[in-house]
Amino acid sequence: MLVLTVLDYLGTFAFAISGALKAVRREMDIFGLIVLAVVTAIGGGTIRDVMLGLRPFWFTDPNYILLSLLAAFAVFALYRLVSRRETVLMWFDAIGLGAFTVIGASKAMLYGLGFVPTVVLACLTGIGGGIIRDMLAGDVPVVLRKEVYASASILGAMIYWTLGRYGVPTHFSMPATMLLVTAVRLLSVHYGVGLPKAYPARPAPPSA
Amino acid sequence: MLVLTVLDYLGTFAFAISGALKAVRREMDIFGLIVLAVVTAIGGGTIRDVMLGLRPFWFTDPNYILLSLLAAFAVFALYRLVSRRETVLMWFDAIGLGAFTVIGASKAMLYGLGFVPTVVLACLTGIGGGIIRDMLAGDVPVVLRKEVYASASILGAMIYWTLGRYGVPTHFSMPATMLLVTAVRLLSVHYGVGLPKAYPARPAPPSA
Amino acid sequence: MLVLTVLDYLGTFAFAISGALKAVRREMDIFGLIVLAVVTAIGGGTIRDVMLGLRPFWFTDPNYILLSLLAAFAVFALYRLVSRRETVLMWFDAIGLGAFTVIGASKAMLYGLGFVPTVVLACLTGIGGGIIRDMLAGDVPVVLRKEVYASASILGAMIYWTLGRYGVPTHFSMPATMLLVTAVRLLSVHYGVGLPKAYPARPAPPSA
Chain B
11 MLVLTVLDYL
21 GTFAFAISGA
31 LKAVRREMDI
41 FGLIVLAVVT
51 AIGGGTIRDV
61 MLGLRPFWFT
71 DPNYILLSLL
81 AAFAVFALYR
91 LVSRRETVLM
101 WFDAIGLGAF
111 TVIGASKAML
121 YGLGFVPTVV
131 LACLTGIGGG
141 IIRDMLAGDV
151 PVVLRKEVYA
161 SASILGAMIY
171 WTLGRYGVPT
181 HFSMPATMLL
191 VTAVRLLSVH
201 YGVGLPKAYP
211 ARPAPPSA
Chain X
11 MLVLTVLDYL
21 GTFAFAISGA
31 LKAVRREMDI
41 FGLIVLAVVT
51 AIGGGTIRDV
61 MLGLRPFWFT
71 DPNYILLSLL
81 AAFAVFALYR
91 LVSRRETVLM
101 WFDAIGLGAF
111 TVIGASKAML
121 YGLGFVPTVV
131 LACLTGIGGG
141 IIRDMLAGDV
151 PVVLRKEVYA
161 SASILGAMIY
171 WTLGRYGVPT
181 HFSMPATMLL
191 VTAVRLLSVH
201 YGVGLPKAYP
211 ARPAPPSA
Chain Y
11 MLVLTVLDYL
21 GTFAFAISGA
31 LKAVRREMDI
41 FGLIVLAVVT
51 AIGGGTIRDV
61 MLGLRPFWFT
71 DPNYILLSLL
81 AAFAVFALYR
91 LVSRRETVLM
101 WFDAIGLGAF
111 TVIGASKAML
121 YGLGFVPTVV
131 LACLTGIGGG
141 IIRDMLAGDV
151 PVVLRKEVYA
161 SASILGAMIY
171 WTLGRYGVPT
181 HFSMPATMLL
191 VTAVRLLSVH
201 YGVGLPKAYP
211 ARPAPPSA
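Chains as they are written, first to last, in the working numbering: chain B, 11 to 218; chain X, 11 to 218; chain Y, 11 to 218.
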């Protein structure tokens, strides 16, 4: 399916860029940059495939790895051009989040999963790569920051499932849902939107 | 098997509570709280099932996810009531550790694993969720703290295996082993019991 | 195949030693030491087998776990003898890296993977255990440090694949490649060899 493939390559490239950018900020060398780009790009989809009992998607199609390498070299060569904007990393991460959420949901539905596990698997696919990237880089994982992130992915997965149930064709629902997730993520950061929290009753302990 | 199902739901609920409590202390919003509750609750069992070549248990039974959501909402609504006791998180974590150790051992034996891999898989099932929870929350993983934790799980798995070999019926050995693991964990914390260490020959380096 | 088995046991023992040494430095007790030794030793190979759709290698051969226990007890008993040399941990880690890279590449080729996924899987097998070890211990993962590490593994996997394509017998190519990876890693640390980086255009932010 053409739309699916395009989204998949787009998400892979975007997440690879985000991994490579993070590696540069951590002053890693070119190989560390490659490793972080590849792992971020294939992490979420690998978790998804292993859980579905499939071999990881990159076993049979080397393009995903090669695309990640391309992203790594592009960042290596052009870092000075993009580094001035703090938001570049966030943009690529949001694109990857949207694309991989939709692909995760799509593959889960293809293998006959119900609503609840589809949403969970779509969310894991969407947030998996970014979590691995942040944890390898020693940062607080992006899902933990006080921002709309996993919620955008969960929302997108629920909408994608619903659209599918009402017979909306995937060549419309796929890009639409992806754009929605990416937009929700970016707009929430831009406007500083937060969600309700349960504030601790005591002054927050520094570590618990 | 009724006992197994009850233990499984109990462990799921307890670990979900522990994940949600941790998320609240990290001042995460309601969706972050849901993600940490779900991942903590299904993490250990998912590792177990993937290693056994099975699809994760929550693919076919959405109750585990729904139970985790319920736990997340309960913590969100009632946090002020429970937060005064530092020990609440530890209690729920100990219950999850006990329940999941037994379930991991039981499933490993069902699939014909020998003594050593059964103990390892039971321990991974028991400690997996808590490790994922702590690492996502940026804390030192609970297994690393200078306390009886993995040892309680390993001990329980060894005893459960032995009871099974001597024909003790599982409706007795399951709850008994679970209570044992939970009790060993809680008592060791209460009395500050430690295990022998190999002290470094030099003053401990801050990071190595 | 004898060479494969010897390499596998060697890598397992070396990584288990490295995990146990790390645990001692973190002042973990004897069970924490066992857990870190076992997880470091079996982590990379478990990731490899799960991705290949196989049951983890230690399900059927308990020797891997027992060898890890032996390494843990040896470190526990003899820590004072080896702790004076900062480099001991690095040596064992380099041996494990070399052995597991070759085994990962070998198993990937056995299951018919192409060049690119073979290199990725070999690298994941080689660096997986050390990453898990460092992350559980709360350290910066070894791949992230500004040193030749993943690059040695990638290089070795590429050479091993090439030797295989030209019909070089594995009883030569296996130990040769393993020695190469280990030597590249150790020599690069000894001589402080680095690889090119893309330096940030601005003063490096402390956390991004």
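Here a beta-carbon is modelled for each residue, glycine too, at the ideal position from N, C-alpha and C.
- In chain Y, no part has a C-beta under 7 angstroms from the C-beta of X:GLY108; the shortest such distance is about 16 angstroms.
- When the alpha-carbon of Y:LEU107 is set against those of Y:PHE83, Y:ILE52, Y:LEU77 and Y:SER163, the nearest one is in Y:SER163.
- Checking the DSSP bridge columns, you'll see Y:ASP18 has no partner listed.
- By the beta-carbon neighbour count (other beta carbons within 10 angstroms, threshold 16), Y:PRO179 is exposed.
- Rounded to the nearest whole angstrom, the CA to CA distance from X:LEU14 to Y:ALA147 is 33 angstroms.
- Note on B:LEU20: 16 or more other CB atoms within 10 angstroms of its CB, so buried under the neighbour-count rule.
- Using a CB distance below 9 angstroms, the part of the segment 132-155 of chain Y facing chain X consists of MET145, LEU146, ALA147, GLY148, ASP149 and VAL150, ordered along the chain.
- Within the DSSP secondary-structure output, B:ASP103 pairs in no beta bridge.
- Between X:ARG36 and chain B, the shortest Cβ-Cβ separation is below 8 angstroms.
- Separation of X:ILE169 and B:ARG195 (C-alpha to C-alpha, rounded to the nearest whole angstrom) is 49 angstroms.
- When DSSP states are grouped into helix, strand and coil, X:GLY54 belongs to the helix group.
- The C-beta of B:LEU99 has 16 or more other C-beta atoms within 10 Å across all chains shown, which makes the residue buried.
- Contacts with chain X at 8 angstroms (Cβ-Cβ) do not include B:SER116.
- Listed along the chain, the chain B residues whose CB falls inside 9 angstroms of the CB of X:TRP68 are VAL126, PRO127 and VAL130.
- Under the 8 angstroms Cβ criterion, the segment 42-57 of chain X counts as touching the segment 126-143 of chain X, having at least three qualifying pairs.
- Scanning its chain for C-beta atoms nearer than 8 angstroms, with the 5 sequence neighbours on each side dropped, one finds around Y:PRO151 the residues GLY140, ILE141, ASP144 and MET145, in chain order.
- Its chain contains PHE102, ILE105 and GLY106 as the residues whose beta carbon lies nearer than 6 angstroms to that of Y:ALA24, once the 5 sequence neighbours on both sides are disregarded; these appear in chain order.
- DSSP, read as helix, strand or coil, puts B:PRO151 in coil.
- Y:LEU131: member of the alpha helix (DSSP H) spanning 125-146, first to last residue.
- Sorting X:TYR176, X:MET184, X:ASP39 and X:LEU77 by C-alpha distance to the C-alpha of X:GLY114 places X:MET184 at the top.
- Closer than 9 angstroms at the C-beta level to chain Y, one finds these residues of the segment 48-61 of chain X: VAL60 and MET61.
- For the options X:ARG155, X:VAL158, X:ASN73 and X:THR128, the alpha carbon positioned closest to that of X:THR172 is the one of X:THR128.
- The three-state reading of DSSP puts X:THR97 in helix, counting H, G and I together.
- For X:ARG195, the uninterrupted alpha helix (DSSP H) segment begins and ends at 180-200.
- Taking the CA atoms as reference points, B:LEU190 sits about 55 angstroms from Y:PHE86.
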